[in-house]
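Heads up, the thing below is written out as structure tokens.
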Amino acid sequence: MNLPTILTSFRCLAVLAIAVVLVWPFGEHRVLALILFVVAAATDWLDGYLARALNQITSFGRMLDSIADKMLVSVTLLMLCAEGSITGLHALAAALILTRETAIAGLREHLASQEVVVPASMLAKWKTTVQLVALAVLIAAPIMPFPVIAKSAGLAILWVAMVMTVVSGAQYVWGTRHNWGSHEG
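See the structure below:
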């Protein structure tokens, strides 16, 4: 366990706290949810930076980082749907993001079994950033001075994130199409 892996592990644990705080039925704890989310999102950048700077990049750390990113986005999306910040047609954007994240995780796992490593594209890194910004805005919207405008902005950013998510997923699928077959038998 090195410092980058500890930060990534924190992000995984923070996801559970964010989920509980977002749907906690006894009082409004939006500020706490926002703080936890922003700190967890910041560790996404910090753990990678420290791993490179301290030369502590490990295969376990890369795997855990990918899981932590998907947990943070997926669970927060689900909780924002559950508590009513994302409803109606906007839930479709959340569903498409969740579908892509799950499908690409499965594709990467299949390719890894064939010893094919698929690094994250620049678009995939940017889509994660846009997803995190959208979620932070949606968490913060009810406590902002103009909550309706903030929520509308958060939902608009969520749709931008969804488009980026689908396009980057299509890039992964297209770019790896020659590696789908099994090398067994």
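The sequence shown begins at -4 in our numbering and counts up by one. For every residue, glycine included, the Cβ atom is placed at its ideal position computed from N, Cα and C. Everything numeric in this text was worked out from a predicted model, so none of it was measured.
Residues Ser69 of the same chain have their beta carbon placed closer than 6 Å to that of leucine 93, with the five preceding and five following residues left out of the count. For serine 147, the secondary structure class from DSSP, reduced to helix, strand or coil, is helix. Residue nearest to alanine 100 within the set Ser54, Lys65, Ala86 is Lys65 (criterion: CA-CA distance).
Of the residues assessed, arginine 6 falls on the buried side of the cut-off, its CB having 16 or more other CB atoms within 10 angstroms. Straight-line spacing of the CA atoms in threonine 97 and alanine 88 works out to 14 Å. Less than 8 Å separates the beta-carbon of leucine 59 from that of threonine 0. As the crow flies, the alpha-carbon of valine 15 is around 19 Å from that of threonine 82. Nearest in C-alpha terms to alanine 63, of all of Leu118, Asp42, Val26, is Asp42.
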